[in-house]
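>
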Amino acid sequence: MIFDLVKRSLRSPNVLLSAEDLVTANSRGSRMPTVEPARLTKAIAMRAVAVCSSSALEIEDAAGHLFLTLNYGDCIGCGHCIEVGERAFLAAEKLSCCGGSKQTLVRQWDVESGTELLSSEKEMDAAAKKIRALVGRALNIRQVDGGSCNGCEAEIAALTNPYYDLERFGIHFVASPKHADMLLVTGPITRNMEQAVKNTYEATPFPKLVVAVGACGCSGGIFAGSDAVVGGVGSVIPVDAFIPGCPPTPAMLLTGILRVLLREIPCGGANASTMGHCVTAERRHSEQD
Amino acid sequence: MTMNTTHRSTEGCVEDVRRLLGSNNARLVSIFGSVEENGENRAHYIVDVNREYHRVSLPVRGAIPSVVPAALAANWYERELHERFGVEIHGHPDLRPLVHHPRDYRFQEVKGVGVCEVPVGPVHAGIIEPGHFRFSVVGDTVLHLELRHFFTHKGTEKLFEGAPIMSGPVLAECVSGDNCFAHAVAYCQSVENAFDISVPPRGRALRLIGLELERLMAHIGDVGALCGDVGCAVPAAYTARIKEALLQASVRFLGTRFWRGVAVPGGVRRDVSTENAMELGKAVSQAAADFAEIAQIILDMPSLQNRFEKTGVVSRNIARDLAAVGPVARASGIKLDVRRDHPYGFYRKISVEVPTLRHGDVLARAQIRIEEARVSARLIQDTINELASGIVSVPVPSGGSAEGFSAVESPRGELLYWIRIRDGNVVRCHIKSPSFQNWPVLPFAMPGNIIADFPLINKSFNLSYSGCDR
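Residue numbers (the working numbering), protein chains in the order written: chain A, 278 to 566; chain B, -15 to 454.
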């Protein structure tokens, strides 16, 4: 019986994904799109914007120049743009758009010249190198569902499975906000959950981080505008970072969480702008104290 | 036709509904309201009599009599009807608000020497959804449990209104994230039913693979979570590994972990190569074999049997009176499965084995899931081995007005969508989720159990809060 179990587990394969694997293909299976600027034309861009389910794609005309904006915070990964995009829109293997401000969730391209205007790719590569340095640092996370569809919960729960094994990075899920350093908040905050989310935030001791997870957490997602919903997490409590996706894959969650940690830990290599976020976040917290 | 077609729609009165409910083998499926173009409210009742859906609809002018005396299962449906459509209902024992949370809400009180109340939630200790449980206990023993849900109410049915029919699946997938494919298929089938569209055989086969894969993953995950709840960490990690392997196989198969964005009215969005299908088949048979082996070890463990057996018993009578569906009903001796009783899509061509147990305890609900996982894996492999060729979808008219409904056996049980379409837009969508049906059963499983067993009993039901609250 119990010995059968032990015997069986000794025979089972090791499936742990290395930290590098997690970073290099973190959004595989999330259906989030990315743009291949060289193939982008005006016609394709217009078509993609027309079929977008959630207004994540927008096109604007500034002085004769067309700009395509992709906001991952709104994107629910319906995949419609990829279908009509003639390979100018592709399923993203790697998504680095997550982090401290909503601006990091936005990418923009000049449709004619095919150049990208905003990009946070470089930061991510730096983050990948730092991940190993984080092993051993403890972080306690309290997950709070502010009204999600449970898709995000399924993926967050998957973080503890033997493939991702969150605990190897010193990260634990705790049962009470009073034990937590970080609140991982999902869902569009519903009217019925608004007070509970605020109370949970209040119950979490300083210093604390709030990470909004999923399209709903970032922006209200597909439920934005419903009478029963207040909006994204940021409309109820202060948010320090955003992880987009509908739902984000466990690898996106893990890279997102680790990235948030980078800001908080003085590890020398972090660049000036990320440290800046850290200061603002801390200042805001201390003001509330 | 590809849907559950044995369906009768009649104009009637509440007396007709009561008569239907009084017949042999009758089960209340759903009650919902709609607002007509002339501003009149209508109430709709769906009753399953001898494996045939009957829908009775009636105009609401003034108060209507409650059907709760004829079917206890009508309780929550009528509360919602009263709350959302302002319908006065005579003879309903409890019309407190269900969906909205007024500050002066009064919980039921149990009075007596030594009776304490234990409030739990809405924010729980695990990575789960929000809901409130109010226990009345004496010592450790639970006397009474009252649920207070709808914390995740997002007005989803309302959001459907005005949406073009083709953008419905995106919303349906967000009703209950872990059963997203079942919701999307139920929605698509109701559109297809409304317009009398037949999905090509290959599209139907791919839908079956998706539906069964979702069930397989849900059941494997649930059994693992039950082990986790009694401190049996190794099998919990084991099943989590098997489930993750299937999720990753789905990514290789279709580029999506949870089959989101696959179903579309008329069929499925993407085709797959034979090679990929074979690879998925291999992953499924590997997972099924792994799971069967670990499941046998689990069931043989005395410490686990001790916790599972005779815990959270739902008697057959309770399950029948509250019209329980899905694994909860089947573990209490009610042979009920939409795939067998109202076959749709590819299930019309095959016979589905419906395992049934009679003890109604946590062990029975675990065993039912283990059995059903085996059946699902078999169905997936059979379908992959004889995968029909041809196109995977047909076009759906972009205009037109019609009504349709369709039921699907989701991993949690009977899931039903009823939609009304005007000029290519959805004007009303009712979602009967299995969780809405089964939540009221949970309080009956608690009395006499200790409060520490609640997480285990709750997990053995594994109901969706978001699916219930919508």
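Each residue gets a CB set at the ideal place from its N, CA and C atoms; glycine is no exception. Keep in mind it's a predicted model, so treat the numbers as computed, not measured.
For residue 211 of chain B versus residue 221 of chain B, is the C-beta distance shorter than 7 Å?
It is not a contact, given that the beta carbons lie outside the stated cut-off.
> Could you give the C-beta distance for residue 352 of chain B and residue 315 of chain B, rounded to a whole number, given that I count them as a contact under 8 Å?
Confirmed, about 5 Å.
> Could you confirm whether any beta carbon from chain A is found closer than 7 Å to the beta carbon of residue 452 of chain B?
By this cut-off, residue 452 of chain B is not an interface position.
> DSSP has residue 371 of chain A in a bridge; who is on the other side?
None; residue 371 of chain A has no bridge partner.
> Among B:448, B:229, B:228 and B:392, whose alpha-carbon lies nearest the alpha-carbon of residue 321 of chain B?
Nearest C-alpha to residue 321 of chain B: B:392.
> Does the pairing of the stretch 104 to 112 of chain B with the stretch 63 to 81 of chain B give three or more beta-carbon distances under 8 Å?
No: the two stretches stay apart, fewer than three of their Cβ pairs being nearer than 8 Å.
> Give the interface partners of residue 172 of chain B over in chain A, defined as CB-CB distance under 8 Å, in chain order.
Near residue 172 of chain B there are no residues of chain A at all, since even the closest Cβ is about 15 Å away, more than 8 Å.
> Hey, how far is the Cα of residue 69 of chain B from the Cα of residue 305 of chain B?
The alpha-carbon atoms of residue 69 of chain B and residue 305 of chain B are separated by roughly 26 Å.
> Can you pull the chain B residues whose beta carbon is under 8 Å from the beta carbon of residue 375 of chain A, in chain order?
Here the premise fails: no neighbours, minimum Cβ distance about 18 Å.
> Which term fits residue 437 of chain B, buried or exposed, when burial requires 16 or more other beta carbons within 10 angstroms of its beta carbon?
Burial call: buried.
> For the stretch 313 to 389 of chain B, list the alpha helix (DSSP H) runs that are entirely contained and at least 4 residues long, ordered along the chain.
Runs found: 322 to 325 and 346 to 369.
> Is it the case that the Cβ atoms of residue 309 of chain B and residue 418 of chain B are separated by a distance below 7 Å?
In contact: residue 309 of chain B and residue 418 of chain B (Cβ atoms closer than 7 Å).
> Decide if residue 89 of chain B is buried, meaning its Cβ has at least 16 other Cβ atoms within 10 Å, or exposed.
Classification of residue 89 of chain B: exposed, given that the 10 Å Cβ count is below 16.
> Determine whether the Cβ of residue 135 of chain B lies closer than 7 Å to any Cβ atom of chain A.
So, interface residue.
> With 7 Å set as the bound, which would you pick, yes or no: does the beta-carbon of residue 224 of chain B sit closer than that to a beta-carbon of chain A?
Answer yes: the Cβ-Cβ gap between residue 224 of chain B and chain A drops below 7 Å somewhere.
> Using DSSP with H/G/I as helix, E/B as strand and the rest coil, what is residue 120 of chain B?
Strand at residue 120 of chain B.
> For a contact meaning CB atoms closer than 8 Å, what does residue 533 of chain A contact in chain B?
Residues of chain B passing the Cβ test: none, with the nearest at roughly 16 Å.
> Do you know offhand how far residue 463 of chain B's Cα is from residue 428 of chain A's?
Because chain B in this structure spans residues -15 to 454, residue 463 of chain B falls outside the shown range and cannot be described.
> Buried or exposed: residue 309 of chain A, going by 16 or more other Cβ atoms within 10 Å of its Cβ?
Residue 309 of chain A is buried by the Cβ-count criterion.
> Using a threshold of 7 Å, state whether the C-beta atoms of residue 493 of chain A and residue 500 of chain A are closer than that.
Yes.
> Rounded to a whole number of angstroms, what is the C-alpha to C-alpha distance between residue 444 of chain B and residue 288 of chain A?
Residue 444 of chain B and residue 288 of chain A: Cα-Cα distance of roughly 29 Å.
> Is it buried or exposed for residue 373 of chain A, if we count other Cβ within 10 angstroms and need 16 for buried?
Buried is the call here.
> I want to see whether chain A comes within less than 7 Å of residue 475 of chain B, judged by CB atoms only; does it?
This structure gives no information on residue 475 of chain B, because the portion of chain B shown stretches from -15 to 454.
> Output the distance between the C-alpha atoms of residue 520 of chain A and residue 528 of chain A, rounded to the nearest integer angstrom.
In a straight line, the C-alpha of residue 520 of chain A is about 11 Å away from that of residue 528 of chain A.
> For residue 379 of chain A, which of helix, strand or coil comes out of DSSP?
It is helical.
> Excluding the five sequence neighbours on either side, which residues of its own chain have a C-beta within less than 6 Å of the C-beta of residue -7 of chain B, listed in chain order?
So the qualifying residues of the chain are 39.
> How is residue 509 of chain A classed by DSSP in three states: helix, strand or coil?
In the structure shown, residue 509 of chain A sits in coil (DSSP, three-state: anything other than H, G, I, E or B).
> Does the distance from the CB of residue 434 of chain B to the CB of residue 125 of chain B come in under 7 Å?
Yes, the pair counts as a contact, with Cβ atoms nearer than the cut-off.
> Can you list, in chain order, the residues of its chain whose CB lies under 7 Å from that of residue 447 of chain B, leaving out five sequence neighbours each side?
Answer for residue 447 of chain B: 396, 419, 422 and 423, listed in chain order.
> Going by Cα to Cα distance, which pick from B:371, B:36, B:56 and B:149 is closest to residue 307 of chain B?
It is B:56.
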